Amino acid sequence: MKAVYLDHAATTPIRNEVREAMEPYLSESFGNPSSLHRWGREASAALEDARATVAEALGAHSREIYFTRGGTESDNLAVLGCCEFMKTHEKRLTLVVSAIEHSAVLDPAKLVTERQGIDLVTLPVSQDGVLDQELIRLALESGPTVVSLMWVNNETGLVFPVPEISSLVNELGGTIHTDAVQAVGKIPVNVRESSIHLLTASGHKI
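Mapping to the working numbering: the sequence shown position 66 is 136, numbers consecutive.
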């Protein structure tokens, strides 16, 4: 019996086109992009080209793209970095997450609330996968607020109305981060059109 791999939402094999595109940088232009010699300059140019490609795909500017080791590190950086930065400027700060976020968001959310004294609001999700946006509005109206919600759930495939929620967050002066690891490449994602401040994506899911 032939085995069939059906877990592409967890990770995907490398496509031949990707392997071919990467080959020159594994065998020839392998320099450190921070180095000043020819190999470094070639690697740096390739890195900036990749940054521009990702930015175009997400509706962002290349200067807004930061490469990390993966989705977990990106979520950690977004939640911890954003909250800790804002807490230095605000006496009170609220962080809003849903109860079904990935641990890459829930763990740093717990850490930052304990370490920085930030108020944490965990949104329940109905049996039908509906978030009570009125709770988000109440948090936003109470003062400076960071909202971190996944766009597509990694286990159920549930899609949150992130553009709609982002509109509410922007209207009331909040900051929004979305874990779009399971969204990019599957549904339209455009940070400029959706007014998203921070977004996590991961190449190995695409």
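Cβ coordinates follow ideal geometry from the N, Cα and C atoms, glycine included. Nothing here was measured: the structure is a model prediction, and the numbers come from that model.
{"Check": "Buried/exposed call for V200, threshold 16 Cβ in 10 Å", "Outcome": "exposed"}
{"Check": "Among E160, I266, C153, K72, nearest to V166 - alpha-carbon criterion", "Outcome": "C153"}
{"Check": "Beta-carbon proximity list for T81, same chain, < 8 Å, skipping 5 on both sides", "Outcome": "H274, K275"}
{"Check": "Inter-stretch contact (C-beta, 8 Å, three-pair minimum) for the segment 234-246 and the segment 190-209", "Outcome": "yes"}
{"Check": "Continuous beta strand (DSSP E) stretch holding T245: start and end", "Outcome": "245-249"}
{"Check": "Simplified DSSP state of T270, which is helix, strand or coil", "Outcome": "strand"}
{"Check": "Residue from E93, Y75, L176 with nearest C-alpha to V191", "Outcome": "L176"}
{"Check": "Neighbour-count burial assignment, N223, 16 or more Cβ in a 10 Å radius", "Outcome": "buried"}
{"Check": "Whether V229 touches L219 by CB criterion (9 Å)", "Outcome": "no"}
{"Check": "Contact the segment 114-126 vs the segment 89-104: 3+ CB pairs below 8 Å", "Outcome": "yes"}
{"Check": "Burial state of G141 (16 or more Cβ within 10 Å)", "Outcome": "buried"}
{"Check": "Rounded Cβ spacing between G128 and V217 (contact assumed at less than 8 Å)", "Outcome": "Before going further, note that residue 128 is Leu rather than Gly in the sequence given. L128 to V217, Cβ: 19 Å. No contact."}
{"Check": "Status (buried if at least 16 other CB within 10 Å, exposed otherwise) for S196", "Outcome": "exposed"}
{"Check": "Cut-off 7 Å between Cβ atoms - residues of its own chain near T215, not counting five sequence neighbours on either side", "Outcome": "T164, V166, A209, G244"}
{"Check": "D202, enclosing beta strand (DSSP E) - first and last residue", "Outcome": "Unbroken run through D202: none, as it is neither H nor E."}
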